[in-house]
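Okay, structure first, notes after.
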Amino acid sequence: MGDGFLSIFKTRALVLKNKDFKENDRLIWLFTEKLGKISVVVQGAKKAKSKNMSLTLPFCYGEFVVFKGKSMYTLNEGEIEESFQSLLTDLDTLTYASYLNELVEISMVEEESNKELFKDLIITYYLIRNKVGDLESLIRAFEVKLLRHTGYGLNLENCCQCGKKINTSNLISIQYFGVICSECNRSSAYILSFAAVNTLKYLIKIPLENVYKIAISKEVKEELESLLSIFISQSYSKKPNSLEFIKLLRSDKNE
790 MGDGFLSIFK TRALVLKNKD FKENDRLIWL FTEKLGKISV VVQGAKKAKS
840 KNMSLTLPFC YGEFVVFKGK SMYTLNEGEI EESFQSLLTD LDTLTYASYL
890 NELVEISMVE EESNKELFKD LIITYYLIRN KVGDLESLIR AFEVKLLRHT
940 GYGLNLENCC QCGKKINTSN LISIQYFGVI CSECNRSSAY ILSFAAVNTL
990 KYLIKIPLEN VYKIAISKEV KEELESLLSI FISQSYSKKP NSLEFIKLLR
1040 SDKNE
């Protein structure tokens, strides 16, 4: 299976979202390890006794066997490894998990494999579920990894205009995704604090499972959120809708 001859594939995947499809079916969007992002018809999923109903729930992670027809994938069978439904019990984890799914959805085209991004998404899910470290810091780290895995990695080591090695600079080029040295045109530079630059360098290098080891101040987290949201909005097809709800959620907490 999975060699393309039979058009049957077995792959680990996470359910990004779903919607009703025809009378008894459901359409799900999977982010898969082998096939990238795909849409799959789950036949009979809306029936009360359907064995596949649970496989259509957003956030579910497991092994899926899909058949590729002329125009669409159809689910043959699947087995849930982790439902992540505990994330639904907390508004923060629900909102941020939805944001992760939306980031994957807007950054990936159909049937484009990205195993590194898939791995980091699943790691992030487990870290959120297990409440490992600060949630906002973890999300900022995932955004950095997402940009890199999709071809928009940030260069904080060399000037993005002349290529000169830079020890330290807090001037960021939004256009070229990197730092600007003191000798190049800085008229349109985005200015970060040096603390934010150093934190960003660290997030680029460390694996997600080690993010909990660093303490990021509220001010630096706000700086990174603003900068990374700009990069994400300009890099992909649309701006994540979840961002506005996250901001609303935060403002309610601060009142």
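Read left to right, the sequence shown gives residues 790 to 1044 (the numbering used here).
By construction, the Cβ of each residue, glycine as well, lies at the ideal position given by its N, Cα and C atoms.
Since we're looking at a predicted model, the values are computed, not measured.
Exposure label - residue i; buried when at least 16 CB within 10 Å
{"i": "Val1009", "result": "buried"}
{"i": "Phe794", "result": "Reliability fails at Phe794, whose pLDDT of 49 lies under 50, so the model's placement of it is uncertain and no value is given."}
{"i": "Ala886", "result": "buried"}
{"i": "Gly867", "result": "buried"}
{"i": "Glu901", "result": "exposed"}
{"i": "Phe983", "result": "exposed"}
{"i": "Leu824", "result": "buried"}
{"i": "Tyr862", "result": "buried"}
{"i": "Leu889", "result": "buried"}
{"i": "Ile1005", "result": "buried"}
{"i": "Asn999", "result": "exposed"}
{"i": "Lys1030", "result": "Rather than Lys, the amino acid found at residue 1030 in this sequence is Asn. The residue is exposed, with fewer than 16 neighbouring Cβ atoms inside 10 Å."}
{"i": "Val898", "result": "exposed"}
{"i": "Lys826", "result": "buried"}
{"i": "Thr878", "result": "exposed"}
{"i": "Ile1019", "result": "exposed"}
{"i": "Asn956", "result": "exposed"}
Spatial neighbours of residue i in its chain, beta-carbon cut-off 6 Å, leaving aside the 5 residues before and after
{"i": "Leu906", "result": "His938"}
{"i": "Lys808", "result": "Leu816"}
{"i": "Lys1027", "result": "Ile895"}
{"i": "Tyr965", "result": "Cys949"}
{"i": "Ser839", "result": "Gly833"}
{"i": "Leu1017", "result": "Glu932"}
Residue i (DSSP reduced to helix, strand or coil)
{"i": "Tyr979", "result": "strand"}
{"i": "Lys823", "result": "coil"}
{"i": "Lys1036", "result": "helix"}
{"i": "Leu1010", "result": "The amino acid occupying residue 1010 in the given sequence is Lys; Leu does not appear at that position. Correct three-state label for Lys1010: helix."}
{"i": "Lys1004", "result": "According to the sequence provided, residue 1004 is Ala. The question's Lys does not apply to it. Ala1004: coil per DSSP, three-state reduction."}
{"i": "Lys1028", "result": "coil"}
{"i": "Asn813", "result": "coil"}
{"i": "Ile895", "result": "helix"}
{"i": "Asn807", "result": "strand"}
{"i": "Ile1019", "result": "helix"}
{"i": "Ile995", "result": "coil"}
Beta-carbon gap between residue i and residue j smaller than 8 Å
{"i": "Lys835", "j": "Asn865", "result": "no"}
{"i": "Glu935", "j": "Leu943", "result": "Note that residue 935 corresponds to Leu in the displayed sequence, not to Glu. For Leu935 and Leu943, no; Cβs fall outside 8 Å."}
{"i": "Glu822", "j": "Tyr850", "result": "no"}
{"i": "Val855", "j": "Thr845", "result": "no"}
{"i": "Leu997", "j": "Phe931", "result": "yes"}
{"i": "Val933", "j": "Cys948", "result": "no"}
{"i": "Cys970", "j": "Ser962", "result": "no"}
{"i": "Leu945", "j": "Leu927", "result": "no"}
{"i": "Leu876", "j": "Leu1038", "result": "no"}
{"i": "Arg801", "j": "Glu852", "result": "yes"}
{"i": "Leu1045", "j": "Leu803", "result": "It is not possible to answer for residue 1045, since the shown part of the chain is limited to 790 through 1044."}
{"i": "Pro847", "j": "Leu819", "result": "no"}
{"i": "Ser1015", "j": "Tyr941", "result": "no"}
{"i": "Tyr991", "j": "Ile980", "result": "no"}
Residues of its chain near residue i, where Cβ-Cβ distance is below 7 Å and the 5 sequence neighbours each way are ignored
{"i": "Ala985", "result": "Val1009, Glu1012, Leu1013"}
{"i": "Phe1034", "result": "Thr884"}
{"i": "Ala978", "result": "Leu960, Ile961, Ser962, Ile969"}
Same chain, Cβ closer than 8 Å to residue i, neighbours up to 5 away in sequence not counted
{"i": "Asn974", "result": "Gln950"}
* Fully enclosed by the stretch 915–986, which beta strand (DSSP E) runs are 3 residues long or longer? -> 960–962
* Asked: Whole beta strand (DSSP E) runs in the stretch 825–878 with 3 or more residues, listed along the chain?
  -> 825–831, 850–857, 862–871
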